[in-house]
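Undergrad: Using this note's numbering, the letters of the sequence shown map in sequence onto residues 58 to 298.
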Amino acid sequence: MKQTGIFIKEIELALLDHTIDLAIHSLKDVGSVMHPDLMLLQHALFEDPRDCLISKDHQTLMELRPEAKIATGSLRRRACIHRLRPDIQFVDLRGNIETRLQKLKESDWDGLILASAGLKRLGLEALIDEYLDPSFVIPACGQGTLALQIRKEDQRQYEKCFSETSRALEVQIERDFLMQSHAGCHVPVGCYAKIHGQTVVVDACFGEDEFSCRFVHDTFSLDHWEQIGSQLLKKLKEQEL
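1) For the beta strand (DSSP E) that contains Asp137, what are its first and last residues?
2) Does the structure place the stretch 188-196 close enough to the stretch 62-79 that three or more beta carbon pairs sit under 8 Å?
3) Nearest CA to the CA of His281: which residue from Lys291, Thr256 and Leu171?
4) Look at the alpha carbon of Lys59 and the alpha carbon of Glu163, and state the distance between them as a whole number of angstroms.
5) Assuming Cys109 contacts Leu176 under a Cβ cut-off of 8 Å, what Cβ separation, rounded to an integer in Å, is found between them?
6) By alpha-carbon positions, which one of Val273, Lys113, Leu161 and Ser112 ends up nearest to Cys137?
7) Could you compute how far the alpha carbon of Val228 sits from the alpha carbon of Arg178?
8) Which residues in the same chain as Ile77 place their Cβ atom closer than 6 Å to its Cβ, once the five residues preceding and following it in sequence are excluded?
9) Is it true that the stretch 241-252 meets the stretch 115-125, where meeting means three or more beta-carbon pairs spaced less than 8 Å apart?
10) Can you tell me where the beta strand (DSSP E) holding Ser278 begins and where it ends?
11) Roughly how many angstroms separate the alpha carbons of Gln284 and Ser278, rounded to a whole number?
12) For Thr202, does the three-state DSSP call read helix, strand or coil?
13) I'd like to know whether the C-beta atoms of Trp166 and Lys209 end up nearer to each other than 8 Å.
Spelled out as structure tokens, the structure:
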């Protein structure tokens, strides 16, 4: 079961006791299971979903020296990068963006991986040396999206606030995959969906750890988008056989 962070739980409690009326989260941090009296509004606030590399010598991932040290606390990012560069050494990293950037300056690391959305929202995109291809370094489900959470009893007040967009549906597909997987916060899981006309191209990953993570790339009909999450999981599980 996908666990929710302590800070998010505190905000949800404030919603439930009517201290606040609307909560804003990073969607990738919102668990797949939430309190039955709460819900998410239709997703409408989007930023770049890609991960990115900041390196000391302004190199790309493939240009880094053999056995380079990369800092990231994400098992998903480690699993994806390990598939491309199995020689890379990983260093665990926590903290806000400013803390991570400062640690990079003070360390012997070659670079660090961050979500490009956070850097862009802080006006720090000039620091990015490479936007990582989301078909290879698969983003977290809904990465770059701000989630608006409300009480279900207030749903009618927001019904006309948002209109359907292709990115909203892409995020819904990614989110559905997460919910179908029942993934916890200690396993690598990611999904990136892109709509092209009447088809949906999806890259997804799921596993027990960074070394056993499985990957799938497939194309589906947009008419049956509700079934994509379960079909992706089936294909991933078949790789175990």
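Virtual Cβ for every residue (Gly too), placed ideally from N, Cα, C.
TA: To lay it out plainly:
1) It is worth fixing the name first, because residue 137 is Cys in this sequence and not Asp. Element bounds for Cys137: not the beta strand (DSSP E) but the alpha helix (DSSP H), Leu132 to Leu141.
2) no
3) Thr256
4) Here the model assigns Lys59 a pLDDT of 44, short of 50, so the residue's position is not dependable, and the following value carries that caveat. Annotation: Lys59 to Glu163 spans about 34 Å, alpha carbon to alpha carbon.
5) 7 Å
6) Val273
7) 19 Å
8) Ala71
9) no
10) Arg271 to Ser278
11) 10 Å
12) strand
13) No, the Cβ-Cβ distance between Trp166 and Lys209 is not below 8 Å.
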